[in-house]
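The opening residue of the sequence shown carries number 22 in my numbering; numbering runs sequentially from there.
Beta carbons: idealized from backbone N, C-alpha and C, even for Gly.
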Amino acid sequence: MSEAHSSVRDLAVLQQAMQMVLSSLDVETILHHILLISRNYFGATSSAVYVLDSNSGELICRAQNGFDPAVVLPADKHTVAGWAAFTGAPLYIPDLTREPRHHVQAAEKARSVLAIPLLVRDRVIGVLETRSEKPDAFAAEAISLLSVFSGQASIALENAQMHSTDLRRVRQIEIINLIARSAAAAHDRQQFFSMLAELLSDTFDGTTIAVVLSSADGHITVPSYSGTRAVEMQRFVAARQKGVIADAFATRALAVVNDFRAELSVPSCFPKSGSELCAPMVSLGEVLGALVLGHQRPNFFSAEDRTIAQAAADVCATAVKNVQLSDELRRIANLDPLTGAYNQRYLHAAVGQEISRSRRHGKDFGLVMLDLRDFRKINTSVGLEMGDNLLRRVAERLKSAVRNNDVVCRYVADRFSVLLPELNAEGLVTVVGKLQNALREIEVAHQ
22 MSEAHSSVRD LAVLQQAMQM VLSSLDVETI LHHILLISRN YFGATSSAVY VLDSNSGELI
82 CRAQNGFDPA VVLPADKHTV AGWAAFTGAP LYIPDLTREP RHHVQAAEKA RSVLAIPLLV
142 RDRVIGVLET RSEKPDAFAA EAISLLSVFS GQASIALENA QMHSTDLRRV RQIEIINLIA
202 RSAAAAHDRQ QFFSMLAELL SDTFDGTTIA VVLSSADGHI TVPSYSGTRA VEMQRFVAAR
262 QKGVIADAFA TRALAVVNDF RAELSVPSCF PKSGSELCAP MVSLGEVLGA LVLGHQRPNF
322 FSAEDRTIAQ AAADVCATAV KNVQLSDELR RIANLDPLTG AYNQRYLHAA VGQEISRSRR
382 HGKDFGLVML DLRDFRKINT SVGLEMGDNL LRRVAERLKS AVRNNDVVCR YVADRFSVLL
442 PELNAEGLVT VVGKLQNALR EIEVAHQ
């Protein structure tokens, strides 16, 4: 359970850090938050944020804490930050005294250094460099979490830069913030995707909207849409193979079909589209899905529309990742890591809900508690590993003997419980018999 608690704590810290950088549109405030988070959450002794100048191609130090870095660095392989910007990949040096290849400015007290590129759609916009006076100060888990946070910080930083330097994109910033707030308020993924489709529909009048998600094996789903009564999934599958979705996924950049009348061989996602736009949602190099917009008129999407759509997709990618982290946080917090059954915490919450529902609707429910007899003797005779395997098999057999909406929990140690919604006393007796029969089928080898 300690590993599960650690994972829950790490995810909670990451979510809090993400919300902090999304809380402002001021560049200086976001830079300050990045430095604060790298120090307080990830144990950095000193940090600096470099921003890549698009004109000169150099790294400009915009914020620092704990040391005086070089104001300007070339984006090449001669410095730690330059290496991260040049390669687009993190660089970690656990002990600077054993690493002569990279020059580190003012590193008299630094023993380990980590540079993480700030990426937006695989484009480097800056570098976060963190240092510690301890050797090997950044564990693999911390580097992974800091990389995810840096992806969030990259989006927040670019959005703030656009807001401060280009007032013509006020509309773009407004929708980005609204999407981010909707993601924070959503209780689950489906709720967020439904909100997202409606927000985009309000922004692009007369446009058909679809939110597309891509799984690790390349399959796509459409969890929400707006502007149409239904979507024809075969059209999206065809567009994923050879169409606007395929182009966007392949290039990881916005793709547009301006006139389907001139491109008859290209499948459209919507049946009456004259033109379609697909903005991919990319997070840390992973294509999570896309926003697909269609309009009946050819050549409908202007340059401003394309900019807004891609900016919305960038924020959506981070929001989708954030919602996924929330789902994972709830899963870890509610499951027993050994057996995969629900844990005591979840059981107490589920029983509370059933009691309230029973009082409101007059519905009976059942609760079965099971205690494995002489389990300590089993551990002693066949070993702890075999004992753990037995607990897993017990959980599997209990799940196989009940309904999908029933709740199987490992209450503590060798004790299990089964919550049975909408079940009367007669049905409870029947279920108990099934559970007993299921457990009798388990054989334990004795020494």
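When you compare the CB positions of V141 and S175, do they come within less than 8 Å of one another, or not? Yes.
Give the DSSP-derived three-state secondary structure of G227 in the structure shown. Reduced to three states, the DSSP call for G227 is coil.
For R189, which residues in the same chain have their Cβ closer than 6 Å to its Cβ, ignoring the five residues on either side in sequence? Below a pLDDT of 50, predicted positions are generally treated as unreliable, and R189, at 45, falls in that range; no measurement from the model is reported.
Within this structure, are the beta carbons of G387 and L460 separated by less than 8 Å? Not closer than 8 Å, so no.
Nonlocal neighbours in the same chain, by C-beta distance under 7 Å from A127, ignoring five residues either side: Only weak support exists for where A127 lies, its pLDDT of 48 falling under 50; the value from the coordinates is given anyway. Cβ neighbours of A127 beyond the five flanking positions: F88, D89, P90.
Compare the C-alpha of N458 against each of D435, V429, V415, A434 and name the closest. That would be V415, whose Cα lies nearest to the Cα of N458.
Please report the straight-line C-alpha distance between L419 and T401, rounded to a whole angstrom. Going by the C-alpha atoms only, they are around 24 Å apart.
To the nearest angstrom, report how far apart V287 and Q37 are at their CA atoms. Approximately 44 Å, taken between the alpha carbons.
Taking only the alpha-carbon atoms, compute the straight-line gap between N410 and A110 and give it to the nearest angstrom. When rounded, the distance between both Cα atoms is 41 Å.
Can you name the start and end residues of the alpha helix (DSSP H) that H510 belongs to? Lying before the first or after the last residue shown, residue 510 is absent from the chain, which here runs from 22 to 468.
Pick helix, strand or coil for R327, following the three-state DSSP scheme. R327 falls in the helix class under three-state DSSP.
Which one of V433, N426, D435, F321 has the shortest CA to CA distance from E443? Here the closest residue by C-alpha is N426.
Is the beta carbon of F257 less than 8 Å from the beta carbon of C299? Taking 8 Å as the Cβ cut-off, F257 and C299 do not qualify as a contacting pair.
Mapping DSSP to helix, strand and coil, what is R415? The residue asked about is misnamed: residue 415 is Val in this sequence, not Arg. Of the three classes helix, strand and coil, the one that applies to V415 here is helix, per DSSP.
Starting from the Cα of E361, find the closest Cα among V313, Y432, L220 and give me that residue. One point to set straight first is that residue 361 is Gly, not Glu, in the sequence displayed. Looking at the Cα atoms, Y432 is the closest of the given residues.
What residue range is occupied by the uninterrupted beta strand (DSSP E) comprising V243? Boundaries of the beta strand (DSSP E) around V243: 241 to 247.
Whole-number beta carbon distance between E154 and T66, since they are thought to touch under 8 Å: The pair is a contact, with the Cβ atoms about 5 Å apart (cut-off 8 Å).
The beta strand (DSSP E) spanning G315 covers which residue range? Element bounds for G315: 307 to 316.
Looking only at DSSP bridge pairs, what is F170 linked to? Paired residues: none, contrary to the question.
Less than 8 Å separating the beta-carbons of S304 and K342? The answer is yes: Cβ separation under 8 Å.
Between R351, R261, I200, which lies nearest to L43 when the distance is taken from Cα to Cα? Nearest of R351, R261, I200 to L43, Cα basis: I200.
Which residue from G227, A251, R352, L309 puts its Cα closest to that of S296? Of the candidates G227, A251, R352, L309, the residue whose Cα lies closest to the Cα of S296 is G227.
CA-to-CA distance, R210 to M390, given in whole angstroms: In a straight line, the C-alpha of M390 is about 33 Å away from that of R210.
I think G310 touches S235, with their Cβ atoms under 8 Å apart; what is that distance to the nearest whole Å? In this structure G310 is in contact with S235, their Cβ atoms being roughly 5 Å apart against a cut-off of 8 Å.
Would you tell me roughly how many angstroms separate the C-alpha atoms of N355 and I376, rounded to the nearest one? Going from the Cα of N355 to the Cα of I376 covers about 19 Å.
May I have the straight-line CA-CA distance separating A330 from P292, to the nearest angstrom? CA-to-CA, the gap between A330 and P292 works out to about 21 Å.
What is the rounded straight-line gap between the Cα of Q85 and the Cα of C430? C-alpha separation (whole angstroms): 49 Å.
As assigned by DSSP and simplified to three states, the class of N86: Residue state, collapsed to three classes: strand.
For S222 versus S245, is the C-beta distance shorter than 8 Å? Their beta carbons are not under 8 Å apart, which means S222 does not touch S245 by this criterion.
Sort L46, H382, E325 by Cα distance to A531 and report the nearest one. In this structure the chain extends from 22 to 468, so residue 531 is not present and cannot be described.
Among the residues of its own chain, which have a CB less than 6 Å from the CB of R152, if the five just before and after it don't count? T66, S67, A131, V134.
For R83 and V93, which I take to be in contact (beta-carbon distance under 8 Å), what is that distance rounded to the nearest angstrom? Not a contact, Cβ separation roughly 11 Å.
Hey, out of L149, R318, D335, whose CA is closest to L275's CA? Among L149, R318, D335, the Cα nearest to that of L275 belongs to D335.
Three-state secondary structure assigned by DSSP to V252: The three-state reading of DSSP puts V252 in coil, since its state is none of H, G, I, E or B.
State the Cα-Cα distance for the pair I230 and G315, rounded to the nearest angstrom. In this structure, the CA atom of I230 is about 7 Å from the CA atom of G315.
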